[in-house]
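Engineer: Sequential numbering from 30 applies to the sequence shown in our numbering.
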Amino acid sequence: MRIEGYAVVSDDDRIADSAGLMPDALKNDAEWAFFQAGLDAADVNVLGRKSHDLTPNHKNRRRLIMTRSVTGVELREDGVFWNSDGATLAEALSCFDCEVQSLAVAGGRDVFDYFLSGAARYSTFFLSRMHGVTLPDGVGVFTRVNSAGEAAEDILAAYGFEGGEQRVIDDGVSVVGWTPRAE
């Protein structure tokens, strides 16, 4: 299965401000188009409950919502709600009306953390960066950004990923695709 992660971060590797919301400083039309194309290409989009609640699903994409509010898997009108402590990813994906061959992981932080390792690890993690933006006390893209002060690139490398070529997608905006190192 192809699993692609999509995150846009500040220079200090934050995906949200101190209130847990994505500030305008992290929004850019070219990056948004890149992100939306990735979501459109996937069979299922994976996101956390807060992201799900804050983001209307205007395109009616299939959503897998990671949450602690259910004990296993629960099919609802607006998506499949999944607690990874109570059910496997395969069990959650079996609730969809298609053979799931690709996932687009849209965050937040706990969701990004989940797919760093194990059998369901990223095929590619696209790390977009808004240069010149910092979000002191914001939410890091990965838990270790906040808990250990580590850079996103160092965390990805520690989990066995290597960065590809940096692509500039707009003034002050770049993206690097991180893929598992060949063993």
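Here a beta-carbon is modelled for each residue, glycine too, at the ideal position from N, C-alpha and C.
Express the C-alpha separation of P165 and T100 in angstroms, rounding to a whole number.
Structural biologist: As a first step, residue 100 is located in the sequence shown; it is residue number 71 there, counting from the start. As a first step, residue 165 is located in the sequence shown; it is residue number 136 there, counting from the start. Their backbone Cα atoms lie some 34 Å apart in a straight line.
Engineer: Excluding five sequence neighbours on each side, which residues of the same chain lie with their C-beta closer than 7 Å to the C-beta of C127?
Structural biologist: On the sequence shown, position 98 is the one that residue 127 refers to. D72, listed in sequence order.
Engineer: Thinking C-alpha only, which one of M159, L93 and K79 is nearest A116?
Structural biologist: The residue you call residue 116 lines up with position 87 of the sequence shown. Considering only alpha carbons, the answer is L93.
Engineer: With DSSP as the reference, please indicate the residues paired to T100 in a beta bridge.
Structural biologist: By 1-based counting over the sequence shown, the position of residue 100 is 71. T100 is not bridged to any residue.
Engineer: Taking the continuous alpha helix (DSSP H) assigned at A181, which residues delimit it?
Structural biologist: Locating residue 181 in the sequence shown gives position 152, where the first residue counts as 1. Here the alpha helix (DSSP H) through A181 covers A181 to A187.
Engineer: For D69 and W61, what's the separation of their Cα atoms in angstroms?
Structural biologist: If you number the sequence shown from 1, residue 69 lands on position 40. If you number the sequence shown from 1, residue 61 lands on position 32. Computed Cα separation, rounded: 12 Å.
Engineer: Taking a contact to mean a Cβ-Cβ separation below 9 Å, would you say G189 touches V205 in this structure?
Structural biologist: Your numbering for residue 189 matches position 160 in the sequence shown. Your numbering for residue 205 matches position 176 in the sequence shown. No; because the gap between Cβ atoms is not below 9 Å, this pair is not in contact.
Engineer: Please list the terminal residues of the continuous alpha helix (DSSP H) segment that includes S225.
Structural biologist: Since the first residue shown for the chain is 30 and the last is 212, residue 225 is missing from the structure and cannot be characterised.
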